[in-house]
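Novice: The structure under discussion is supplied below as structure tokens; questions concerning it will follow.
In our numbering, the protein residues as written are 3 to 260.
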């Protein structure tokens, strides 16, 4: 597996801030995931600057698609079209940057009785995007959600069933370990969807709230988790996605992997 870092810590600070904080650490990680949202949204000169950085330092790139108010599972056809438009724009950026993956959220459902319909609508939306992504050569990575009311893709068996039966095989799983921990589903996801996992987000919490702590600062057993990832032959990127700067978490994971 390849170690990397996320731009989450800079999402409210801006692209220039992100580049400044990355500079001293370039060469210490293999993959950079940039969130195409907030102050790190990519446009214009930022795309070229990021592409040049990746080429100079031999970095692989991953792009995290917009997720605020983006709901590909919406019961409203208009809102689904808008969500797909947002995701498609981000996909084109990912292709231009030669990203290995585009990470995306699956959406929310307003009522438990409508969950089945929401999953079907989400699958239709993402399968349309998958056709475009396949042509562009960018894998889609669907991220499991934290245990919050109304959110889809929080439970392992349910997620695996939807992915196997409803989604194009070009859509793999972004296993967000912190999110899974809030739902007590870390082991369950590795059991049910280990073979579907193409990308991993690493952060910690207390088992209740989605805190995006440094790995090792919460309740997760990281040695066990990494052993399980090796056990399912995971070969993708392991991205430290923390609210604080990711360097301490990166070193901790390196220590455990070595």
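Using N, Cα and C, we set each Cβ at its ideal position, and we do this for glycine too.
1) Do the region 29 to 36 and the region 59 to 69 make contact, defined as three or more Cβ pairs closer than 8 Å?
2) Name the two residues that bound the continuous beta strand (DSSP E) containing residue 35.
3) If you follow the alpha helix (DSSP H) that residue 3 is in, where does it begin and where does it stop?
4) For the pair the region 42 to 55 and the region 74 to 86, tell me if three or more CB-CB distances fall below 8 Å.
5) So, for residue 219: in the same chain, excluding its five sequence neighbours on each side, which residues have a beta-carbon less than 6 Å away from its beta-carbon?
6) Taking the CB atoms as reference points, tell me whether residue 162 and residue 198 lie closer together than 8 Å.
7) Please report the distance separating the alpha-carbon of residue 16 from that of residue 169.
8) Going along the chain, which residues of its own chain have a beta-carbon closer than 6 Å to the beta-carbon of residue 222, five neighbours each way excluded?
9) Take residue 103 as the anchor and find which of 125, 89, 260, 23 has the nearest alpha-carbon.
10) Let me confirm a value: residue 29 is counted as buried when at least 16 other C-beta atoms fall within 10 Å, else exposed. Which label applies?
11) Enumerate, from N- to C-terminal direction, the unbroken alpha helix (DSSP H) stretches of 4 or more residues contained entirely within the region 182 to 248.
12) Among the candidates 26, 86, 100, whose CA atom is the shortest distance from the CA of residue 249?
13) Check each candidate in 120, 233, 134 and name the one with the smallest Cα separation from residue 160.
14) Please classify residue 42 as buried or exposed, where buried requires at least 16 neighbouring CB atoms within 10 angstroms.
15) In angstroms with no decimal places, state the Cα-to-Cα distance between residue 10 and residue 115.
16) Report the residue from 234, 247, 47, 37 whose alpha carbon sits nearest the alpha carbon of residue 190.
17) Can you name the residues that DSSP bridges to residue 176?
18) Using the beta-carbon count (16 or more within 10 Å), is residue 177 buried or exposed?
19) Where does residue 107 fall in DSSP's three states?
20) Classify residue 139 as buried or exposed, calling it buried when 16 or more other Cβ atoms lie within 10 Å of its own Cβ.
21) Compare the beta carbon distance of residue 173 and residue 128 with 8 Å and say whether it is the shorter of the two.
22) Can you give the Cα-Cα distance for residue 40 and residue 14, rounded to whole angstroms?
23) To the nearest angstrom, how far is the alpha carbon of residue 151 from that of residue 58?
24) Can you give me the Cβ contacts of residue 246 inside the same chain, cut-off strictly under 7 Å, excluding the 5 residues immediately before and after it?
25) For residue 122, I'd like the list of residues in its chain whose CB is within less than 8 Å of its CB, leaving aside the five on either flank, ordered along the chain.
26) Skipping 5 residues on each side, what residues in its chain have a beta carbon closer than 7 Å to that of residue 124?
Specialist: So, from the listed chains and residues:
1) The answer is yes - the region 59 to 69 touches the region 29 to 36, with three or more Cβ pairs under 8 Å.
2) 33 to 37
3) Counting along the chain, residue 3 falls outside any alpha helix (DSSP H), and DSSP gives it neither H nor E.
4) no
5) 206
6) yes
7) 34 Å
8) Contacts found: 183, 206.
9) 89
10) exposed
11) 188 to 195, 224 to 233
12) 26
13) 120
14) buried
15) 33 Å
16) Selected option, being the one with the closest Cα: 234.
17) Under the DSSP definition of a beta bridge, residue 176 partners with 145, 201.
18) buried
19) Looking at residue 107 - three-state DSSP - the assignment turns out to be strand.
20) exposed
21) yes
22) C-alpha separation (whole angstroms): 6 Å.
23) 43 Å
24) Contacts found: 11, 216.
25) 168, listed in sequence order.
26) 74, 75, 108, 109, 154
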